[in-house]
Amino acid sequence: MKKLLIILLFCAAIVSAQDKVTALPFAELLKVIPSDINGFSLTGKPDGMNMTMGEMSYSSATKEFVKGEQVLKITVNDFIGYVSMYQASFGMAEGFSFEDADTKTYLETVDGVKSLISIDKKDKNTNIISGYKDRYLVIIEMSGTTNEDEVKAIFKKINLNSLP
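Numbering (numbering that gives the first Met the number 0), first residue to last: 0 to 163.
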């Protein structure tokens with residue numbers, strides 16, 4: 000019994016000594032969002048933040064662009080594991096789609112990433128929300144368009160493969 004207790008304490012010490020994974024600094028997330036996108040101009044300064052609270056770690060980076068009346072906002076969030084819950088809901092809703100006179104929403108794999116695409120036909124806004132690698136949540140919001148192919152093309156310009 001004493002031997003088992005010593006082994007368990009040793010294992011617990013090894014586990015507690017391991018480095019805890021924390022969210023990437025927002026400056027690293029900003030690097031995956033391109034600054035030159037299809038004739039859009041970057042507005043203002045890219046924005047971001049990091050937060051740690053106990054075991055939870057979170058970071059977020061955003062760049063906003065304009066082209067005429069269109070506004071494009073790209074946000075990359077690092078949630079360390081919490082995105083898996085979001086992705087699980089995508090998996091359960093395989094083949095999900097909804098459409099009425101004002102809205103069209105559906106799931107589609109864009110550039111190898113399962114994504115929720117939502118088009119507001121009335122206000123002409125198109126959004127993509129994607130969960131990547133069980134930790135990153137990518138959100139693209141674009142006003143002034145219902146052209147989902149244009150927004151998908153922008154999604155493909157985000158350098159997600161550089162993320163750990």
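For each residue, glycine too, the CB sits at the ideal point set by N, CA and C.
The count of Cβ pairs closer than 8 Å, one atom from the stretch 114 to 125 and one from the stretch 94 to 106, reaches three, so the stretches are in contact.
Every beta strand (DSSP E) of 3 residues or more that sits fully in the stretch 108 to 153 is shown, in chain order, as 112 to 119, 124 to 131 and 135 to 142. The Cβ atoms of Lys-156 and Pro-33 lie closer than 8 Å to each other. Counting the other Cβ atoms within 10 Å of the Cβ of Thr-61 gives 16 or more, which makes it buried. Fully enclosed alpha helix (DSSP H) runs of no fewer than 4 residues occupy 25 to 31 of the stretch 19 to 43, in order along the chain. Proximity to Gly-67 across Leu-162, Met-141 and Asn-158 peaks at Met-141, based on C-alpha coordinates.
Here Leu-162 carries a coil assignment [DSSP, helix/strand/coil]. Between Gly-47 and Leu-29 the beta-carbon gap is near 6 Å, inside 8 Å, which marks them as a contact. Here the alpha carbon of Glu-93 sits roughly 14 Å from the alpha carbon of Gly-130. Bridge partners of Glu-98 according to DSSP: Lys-103.
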